[in-house]
Each structure stands twice: as C-alpha cells, then as structure tokens.
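Heads up: the structure comes next, in structure tokens.
In my numbering, the protein residues as written are 11 to 544.
As structure tokens, this is what we get:
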C-alpha cells in the first residue's frame, strides 16, 4: 500500500523551512520537495579567515573572489543576480531553464537552490506595525506572537535605539547587535549630534536587526568580524534556511526529496496529488498527501496555482521599488579602516511622515565586494579607475532605498504558451508604476539624498534599478481579495480548495518598504499551525 504523507511542503526557502520545522516538531509526517541546487565548487575553498588576511596570504583567492571561470566578473549591463559572488551563484542556477519568464518591464530573481533565495538573504529583520499588517491582510495580534516564536528560532541580533520601532519592535532577543564599522559610526555620530532636529523632520537612524547570532548556540558560532559574509556561511552565524533543513533530516518523520520540480497539484477524495518532474530525467511523477503547503515564493507559487486551477487567469503582483546611491564621506578619504568588520547592513534609516508610507534605507560600507565592481561604473580607463578607487574606497558607502508598493491594474502576471520550455509554458509579467508612484519615488529619493548631504555623506551617483531588483515580491494570491482570480483565506488556504495552503508572501496584498523576510517567516509559522489544526 502506498504511504500517504501528512504534508507535502514545496520549497526549502525561508517560508518552507519554517513550515517544515513547525510541522515536524508537532509530530506530522512531512515530505519536502524541491530542486535543491547546492554549491559544490566553492564551499570548501573559502578559508575561515579575515578578508584582509586572505587578500594578503592566500594564493588561490582568485578562485572564490572572481570565480574559477571568472563568472564573478560581470561586464556590460549588470542583470539581477549577477551581483552574487561566485560561492553564491548556485542560488540562481538553472532558473532560466525551469522557470522561463517573459517581460520587458520586470526582472525578478528566483531560485531553485537548497535554502532558496534565503541562501543569499541580507538578513534584515523588520516587524511591521499594526496598520501595515492590516493593509497586507494579516492579523496583527497573531503576527506579533508569531514574530517572537520565529525570532527565538532563528536568532536575531538587535539593539534598543531610535530605529527599533521599525526593526524588531517589542520582540525580545538575547543577542546584542554587531559592532558598527568606522565608516558608519562616523555617520551615526553626526546624526546623533542633531538627533532632535532630524527626528522632528521624520528621519530615524539606528542599527538594523539581523538574523545572526553574536554568541554561540549549539552548532552555530558567534558572528565573526571577518568581512566574508558574502562568500561563506561556514560558521552558521547567519541564519540560512538550510540550517533548519539539515536539522530536520535527522528526524524520522521528515523526508527531504531533491531533484523534484513541482509543476501542479490536484485534489481528489480529500487528498492532494502533487505533480513534479525529476530534474535529472524530466520524467513526470506524482506523490500523495493529506495536505499541501506551497512555499516557493510569491512568483513560484503563482505559477503552480495557475497551472493547477486556471492557466488562463491573470494575477496581481507587488514589488518594492528600489534605488541606491553610491556615497562618499570626505573626512574618511585615504583612512586606514580596521579589518574587523562585517559585510552586513551597518545602519538602517527610516523616513516617516504622517499619512505616508515609510521610506526605508539600508546603509552599507563598500569593502569585501572588491573594487572591480565599481571601476566599470567610472568614466575612466581601467588603470586610472583602479588608482582612484583604492584611495576612495575607505570613504565609500552604498545606500539602498526601498519604497512601499500597492497593487494596481498595471502590475500583473499570467501564464503563456512556450512550446520549447520543459513545462510548455512560461510566465509573462507586466509591471509599471503610475505617474503618481513615480513622483513619490522621485521626491522621496531627493529627500534621502538631501538628508545624506546634511550629514556630510555625499551621493555621487543614483542608480535606478529595474522593477524586480529589490527581490521583494508579493500579492499574487492576495488574502481575502474577491477581485483576484485566486486568493487566500486568513489561514493561508487557497480559496476553492480544501487542503492546499500557501505560506510565502503571495498573500501579502501590500508591501511596506521595510524588508519582508521576517514577516514571511512569521506568516509561514502561522499557516503551518492553521494547517495542523484543520
């Protein structure tokens, strides 16, 4: 007799890992399906050493900094995903083959990797306020409880400062925030000198909350100030979804099945048949479960739902618009910067005005990503650009600015035929901002740039990224939205189904500007519990 799984979970990213952990801990029998690409090239090459020491001592450093095939050196127009370092490029491996996409207006990043996009997540954690959760379609009371559970599980480092209401809020944590590097400490000190004046104008700066531990716990070591965060997770200080999956593999009621690309589902006799293709052979197969939980991201879950329930339908999508500034602090020109630092976000800035969406900025020092990425943006020849940026680099900061996004009739996706693709279809996405939305971004960017200048942090260049570059997606299956072809109920169940749930950001019908990963994990925890109860 064929064994029936209690649950099939699709995807091992930040939502899938939380769902699987919640279900397995409750005693359910769980099978997780995904493709599950891993880094088999660079994992064991990167030494557990400081970036500066590696640059001075390691003869083979070019292999993981530039790539064995120089895949880490993108020339020409940089596409979404090409900024990944060689040890992280497995995250987008084979995506164009299995997840074909057609669009002239939207350039998303998707993943078929073990740990999904969470394997390269920037680790920022933000708790949304009650009115933001309500606009998203979420219940604020249950989400606040879920935030605490997830924070305890993954480990979040934070401090109590002016940014706390926008980062971790009232959620408690035993982990102190990491030390700020010199570049950003100088910037923060300038802000604090005139803090009442700045907060009166709506500007709040502090440290971001990050999903990393600053003291050892079990197999995870305390965050090291090696400045190698974009290249290795060997210490497991930063939370990556695969850390949870590795733990679950030791449990008898959990089965991990890679090389399984899920295409569709069907319900029959109060059970769910999950259809997938073996990625080694492309052979079509299926597996049966009492319940199915999709956790492949807002875009990925939309694909599966459209194939299963209505391939001719059109679904909405939201995505945070994103711009960034390359900035210079002149007083740091040519300074020697201490080597003990992290590559993670150093400061978080929030511009909060009454009756307006918050504008969120993340501030990073430019250090371990190497100068060649900057030189190709300079209006100089290669030799002169190298000399210039060696002098400038200690004074450089990158400020990424995110804006909230609301659904509109100009933002949608649908399946279209593609006879050459493995699944005989592809996703088509159309996304455009209204004149009013573009004006908000233009005015907001000017406000941020002017404020940075007031702190003697001077924007040198503004880069307007293509839609999709923020890698923050949602709203494809909006919660309790009767106007959408398919939507979710408050428990995360797809309306019109009995036993199919969605645990990623597909249900979020509005995206605040603050990072959404922590909220995705809290929602995933809630959905898993609702699926267990039902």
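Virtual Cβ for every residue (Gly too), placed ideally from N, Cα, C.
Please read these numbers as outputs of a predicted model, since none were measured by experiment.
With respect to the 8 Å criterion, residue 477 and residue 329 are classified as neighbours on the basis of their beta carbons.
With at least 16 other beta carbons inside 10 angstroms of its own, residue 183 counts as buried. Contact annotation: residue 514 and residue 311 have beta-carbon atoms nearer than 8 Å. Shortest Cα-Cα distance from residue 128 to any of 240, 487, 438, 225 involves 240. Fewer than three Cβ pairs drawn from the stretch 227-235 and the stretch 12-28 lie within less than 8 Å of each other, which leaves the two stretches out of contact. In the DSSP annotation of this structure, residue 503 is not part of any beta strand (DSSP E), being labelled neither H nor E. Residue pairing by DSSP leaves residue 452 without any beta bridge partner. Counted as a single uninterrupted DSSP element, the stretch harbouring residue 80 is not any alpha helix (DSSP H), since DSSP gives it neither H nor E. In terms of Cα proximity to residue 135, the closest of 194, 160, 404, 279 is 160. Remark: C-beta atoms of residue 222 and residue 248 approach each other more closely than 8 Å.
Judged by their CB atoms, residue 299 and residue 516 are not nearer to each other than the 8 Å cut-off.
Under the three-state reduction of DSSP output, residue 15 falls in the strand class. Contact check between the stretch 40-48 and the stretch 130-149: fewer than three CB pairs, one atom from each, fall below 8 Å, which does not count as touching. Looking at the DSSP output, residue 236 sits in a beta bridge with 351.
A residue is called buried when at least 16 other Cβ atoms come within 10 angstroms of its Cβ; residue 343 does not meet this threshold and is exposed.
Residue 341 and residue 466 do touch by the CB rule: their CB atoms are close to 7 Å apart, below 8 Å. Each residue's CA atom was taken as its position, placing residue 189 and residue 123 some 31 Å apart.
For the pair residue 346 and residue 27, the CB atoms are not nearer than the 8 Å cut-off. In the DSSP annotation of this structure, residue 285 is not part of any alpha helix (DSSP H); the continuous beta strand (DSSP E) holding it starts and ends at 281-288. Selection 504, 119, 433, 495 evaluated against residue 293 yields 433 as nearest (Cα-Cα). Checking the DSSP bridge columns, you'll see residue 24 has no partner listed.
Note that the stretch 354-363 touches the stretch 371-379; at least 3 beta-carbon pairs, one per stretch, sit closer than 8 Å. In the three-state reduction of the DSSP assignment, residue 66 falls in the helix class. For residue 119, the three-state secondary structure derived from DSSP is coil. Residue pairing by DSSP puts residue 230 in a beta bridge opposite 227. In the DSSP annotation of this structure, the continuous segment of the beta strand (DSSP E) that includes residue 277 starts and ends at 270-278. DSSP, reduced to helix, strand and coil, places residue 164 within a helical segment of the structure shown.
DSSP lists no beta-bridge partner residue for residue 526.
Between residue 23 and residue 125, the CB-CB gap stays under 8 Å. Residue state for residue 260 is assigned as coil, using DSSP reduced to three classes. If you compare the alpha carbons of 544, 81, 532, 463 with that of residue 503, the shortest gap goes to 544.
Beta-bridge analysis with DSSP links residue 294 to 287. Under the three-state reduction of DSSP output, residue 48 falls in the coil class, being neither helix nor strand.
Rounded to whole angstroms, the gap between the alpha carbons of residue 36 and residue 415 is 36 Å. By the Cβ neighbour-count rule, residue 367 is buried, with 16 or more other Cβ atoms within 10 Å of its own.
The DSSP-derived three-state label of residue 357 is strand.
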